[in-house]
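Taking it in order: structure first as structure tokens, then the write-up.
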Amino acid sequence: MINATTTMESVSYLDHKGKYKGIFAWIFATDHKRIALLYLYAISTFFVIGAILGLLMRLELISPGQTIMTAQTYNGIFTVHGIMMIFMVVIPGLSAIFGNFFLPILIGAKDVAFPRLNLFSWYIFITGSILAVLSQFLRSGPPDTGWTFYAPYSTATGTNVIFATTAAFVLGFSSILTGLNFIVTIHRMRAPKMKFFSMPLFPWSIYATAWIQVLATPIIAITLLMLIAERLFKIGFFDPAYGGDPILFQHMFWIYSHPAVYIMILPAMGVITEIIPTFCQRKVYGYKAIAMSSLAIAGVGYLVWGHHMFTSGMSETARWVFSLLTFIVAIPSAVKVFNWLATMYKGSIDLKPPLLYALSFIFLFSIGGLTGLVLGSLATNIQVHDTSFVVAHFHYIVFGGMGFGFFAALHYWFPKIYGRMYNFRRANIAWGILFVGFNLLYFPLFIIGMQGMPRRYYDYLPQFQTGHVISTIGGIILIIGLFLMIRNLVLGARKGAKAPANPWNGSTLEWQIVSPPPQENFDEDPLIKNNPYDYE
Amino acid sequence: MSENATHITEYKTLGIVLVTLLFFTLITIVVTSFDLAVWNVVLALVIAGTKGFLVVTYFMHIKYESLLLKILVGMVFFLFALILVITFIDYAYR
Amino acid sequence: MENELIHKEETRDDTAAKLGMWIFIFTELLLFGGLFIVYSVFRTQYSREFHQAALELNVTIGAFNTIVLLISSMTIAMALTALQKNNKKLSLRLIGITILMAFVFLVNKYFEWGAKFHHGIYPGSELMMKFEHGHLLYFSLYFFMTGLHALHIIAGMVLLSVIFFRIKKGIIHSEKYVFLENGALYWHLVDLIWIFLFPLLYLIT
Ligand SMILES: [Cu+2]
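Put into structure tokens, the structure is as follows:
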């Protein structure tokens, strides 16, 4: 088995003393591991705020009519919830936190290619986040357009759209620079003997993600700039009153925002691909297929944006072409799911918390993915378009997929990051509550959505109330589970038992070094295997 | 990838490229001053494309760069063309 | 693999810096690419109005600016050649000429925009609001595209000035010139975008 090749004298990145002291040793740090933690703390904060906003919405919807807030506040809250969760949590989430921390280690590098640019990206991220938060409080009130900023309403509403779109623009810039950094890191910083096809699969998924970040984000950047100019000068691009075309805005918006879904989900898939072989002690089934499917998802995922616009008045031809392309993109996703299951076959499965999260990822993602096909096919789409069916679908993908992937990554790499272990029993309990709460919260939305409950509505017909009540109860349970999970992790980081270098008996490079990793990651050249998942 | 043997583009090459670019600029102005209906757009874009190709190849040294970079540059232009075409599947058939 | 040679730390990796710059250039290309999509959609919808509106632009000014940018693109490429051949003085002079050309471009643009403003044509103006739809969209695109391009010219001038002083101080020299190389790449990008803007806005009438 693998032993820690690092000597015990090396200083961990947490204790390393550099030029600066105290908090400055963190906010001026260029070390990728410290930057990863900066992202972790910022993003977790936004996530908790976003979750609380979500709970407020659920409480409002527990009965028809006004319950705890006015309709305008409700519109503001669902917009803010969307903007925060999308642009500040799930898009940067896995790649900026775990990509930053583990990408260099997994490919045997000492840092990313441009460490200072990396820190700069974090500052841009924080600037954008501050702008987004400010947009909620400035005098004209929080934007009420939904996170999609659809024209022409967004060109006309009196609320703070300019601030919110500027925030999204700035956050996009941070995303681009992170992606750029990772691509160059993977091309130029791999350890000697680390070939592309001997990289673990998490770096592969980060690589595909980084390309989407770099190639899709500029489109939303220019779209948001045009929207801002539209509001400032009436240039008329998206305003039919001046001959502009609101559907063009939808095209431009989704050219980015569909691939953005893969920015969220691909790294989560990468995490799952790391966890399953470790906890089954099996070589990954179909390594190349999984690696290539990441690239395929990135490539085809770029071309399917129109499935968000089936009812917008797009041409008949465009509709079936987009529907076809959407079905094609399901293939590489399915390749991954089948390969994970095949990896587990005949493995010695060890049901520890990271694997519990990973398995629930597969379950929830499959539900989200299959309902995605319901939305991708033309006829059924028109029935459920803009209903809570859509809300349920994308929460199964984004929260059930990316969110649970994030929790899985957190529980998997926690001992490596902090050098301590959390309590397993409490982690299992928190997982159970989260999983039950999640399904109670979102599954009823599929049903009432099919029955015709529109999304984003403040008020509804009494027949939908049962579904809404169950959903709200699920939301409360989910928040309790979330709280228990965070509490357990915080306790673990503070007082948990010291973690060994390789607590899960993993085979990839991060488990060859001590926990927490030394400042320079590798004190000696790491041992690189041809196949990173060498268990047999 | 030839790491250390950097290619130095000669002044003369750069000069020739500039003259060619200026020549194409003249052509495109002359050609588009006639009314050739749709062909105006086609010709102007073909000439602009040629000029762009020269700039990328010689001024930006893509000719002497690694295969990786060449593929990436090609990929980006291809991707843009693809998005444009797919967008027009909507607009052309409305 | 080629990486074995340069993996060891402390080794400067110019290829990485250049790859990073190219990826950045891709993002810029797609940024303008988004605008070209908008342009093509409106052009097909309003080809008659675009045709007429384009006649109101002065081809001579546009052509002059095209020539200025093409020459500046060559001078910055030559500046790199000069530095690689260890001719610091010539390199500095050529970068100076490039920045000067950029300045000429902006002055020219200033007068061109100024004349339009003088005639009451500017984004949000009363006159423009009265235009036919296609006519309005053409001028909106004109101001948006050339404006964004002019911002890139300014950014390029700042970048090249920084490079100018770094060469003067000897921070960038004939053995370590990747910064100049990247700055030149950026400048070529600005030129490249103009190569497409010029016919689309001025010529296709
Ligand atoms: Cu989509």
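Residue numbers (this note's numbering), protein chains in the order written: chain A, 63 to 598; chain B, 620 to 713; chain C, 1223 to 1427. All C-beta atoms in this analysis are idealised placements derived from N, C-alpha and C, irrespective of residue type, glycine included.
For residue i, the first and last residue of its enclosing alpha helix (DSSP H)
i: B/Asp714; result: As displayed, chain B neither begins before 620 nor continues past 713, which places residue 714 of chain B out of reach and without an answer.
i: A/Met288; result: 263-295
i: A/Phe187; result: 177-199
i: C/Arg1234; result: No alpha helix (DSSP H) holds C/Arg1234; DSSP gives it neither H nor E.
i: C/Glu1403; result: 1400-1420
i: C/Lys1391; result: 1355-1391
i: A/Tyr522; result: Neither: A/Tyr522 is in no alpha helix (DSSP H) and is coded neither H nor E.
i: A/His143; result: 133-145
i: A/Glu378; result: 378-406
i: A/Phe423; result: 415-438
i: A/Gln21; result: Residue 21 of chain A lies beyond the residue range present for chain A, which begins at 63 and ends at 598; the question has no answer from this structure.
i: B/Phe642; result: 630-652
i: A/Ala628; result: Residue 628 of chain A lies beyond the stretch modelled for chain A, which goes from 63 to 598, so this question has no answer here.
i: A/Tyr595; result: Per DSSP, A/Tyr595 belongs to no alpha helix (DSSP H) and is neither H nor E.
i: A/Val366; result: It is not in any alpha helix (DSSP H) - A/Val366 carries neither H nor E in the DSSP assignment.
i: C/Glu1348; result: 1348-1352
i: A/Ser74; result: Neither: A/Ser74 is in no alpha helix (DSSP H) and is coded neither H nor E.
i: C/Leu1312; result: 1310-1340
i: A/Tyr101; result: 94-122
i: C/Arg1270; result: 1269-1276
i: A/Pro154; result: Neither: A/Pro154 is in no alpha helix (DSSP H) and is coded neither H nor E.
Short Cβ contact (8 Å threshold) for residue i with residue j
i: C/Ser1295; j: C/Asp1413; result: yes
i: B/Ile681; j: B/Lys670; result: no
i: A/Trp209; j: A/Ile145; result: yes
i: A/Gln312; j: A/Met371; result: yes
i: C/Leu1257; j: C/Met1367; result: yes
i: C/Thr1288; j: C/Phe1420; result: yes
i: C/Met1323; j: B/Tyr630; result: no
i: A/Val446; j: A/Gly511; result: yes
i: A/Thr335; j: A/Leu263; result: yes
i: C/Leu1373; j: C/Ile1247; result: no
i: A/Gly481; j: C/Leu1359; result: no
i: C/Ile1298; j: C/Leu1316; result: yes
i: A/Glu76; j: A/Trp88; result: Looking at the sequence provided, one finds Leu at residue 76 of chain A rather than Glu. Not a contact, by the Cβ cut-off of 8 Å.
i: A/Gly234; j: A/Ala283; result: yes
i: A/Val453; j: A/Leu507; result: yes
i: A/Asn583; j: A/Ala489; result: no
i: A/Thr449; j: A/Ile124; result: no
i: C/Ile1321; j: C/Leu1382; result: yes
i: A/His455; j: A/Gly434; result: yes
i: A/Gly170; j: A/Ile479; result: no
i: B/Thr639; j: B/Ile666; result: no
i: C/Leu1252; j: C/Ala1406; result: no
i: A/Gly554; j: A/Ile495; result: no
i: A/Gly138; j: A/Pro204; result: yes
i: C/Leu1328; j: C/Tyr1424; result: no
i: A/Ser577; j: A/Ala559; result: no
i: A/Pro166; j: A/His249; result: no
i: A/Leu168; j: A/Leu417; result: no
i: A/Leu546; j: A/Leu503; result: no
i: C/Phe1333; j: C/Met1350; result: no
Whole-Å CB distance - residue i paired with residue j, under 8 Å assumed
i: A/Pro177; j: A/Thr92; result: 4 Å
i: A/Trp266; j: A/Ala404; result: Going by Cβ atoms, the distance from A/Trp266 to A/Ala404 rounds to 18 Å, so no, they are not a contact pair.
i: A/His78; j: A/Gln581; result: 4 Å
i: A/Ile338; j: A/Met406; result: 6 Å
i: A/Trp382; j: A/His320; result: Actually they do not touch by this definition, with Cβ atoms about 17 Å apart.
i: A/Phe211; j: A/Thr227; result: 6 Å
i: A/Val333; j: A/Gly467; result: 5 Å
i: A/Ile603; j: A/Met314; result: What the structure shows of chain A is the stretch from 63 to 598, and residue 603 of chain A is not part of that stretch, so it cannot be assessed.
i: A/Thr285; j: A/Ala175; result: Not quite, the Cβ-Cβ distance comes to about 29 Å (not below 8 Å), so this is no contact.
i: A/Tyr185; j: A/Tyr520; result: Wrong, their Cβ atoms sit about 38 Å apart, outside the cutoff.
What does the shell around ligand 1 hold, if a residue joins when its beta-carbon is under 7 Å from any heavy atom? A/Trp316, A/His320, A/Val323, A/Val366, A/Trp367, A/His369, A/His370
Determine contact between the segment 71-83 of chain A and the segment 148-156 of chain A, defined as no fewer than three beta-carbon pairs at a distance below 8 Å. no
Take every Cβ of the segment 420-439 of chain A, pair it with every Cβ of the segment 351-360 of chain A, and state whether three or more of those distances are shorter than 8 Å. no
With a threshold of 8 Å, are at least 3 pairs of Cβ atoms found where one atom belongs to the segment 215-227 of chain A and the other to the segment 180-199 of chain A? yes
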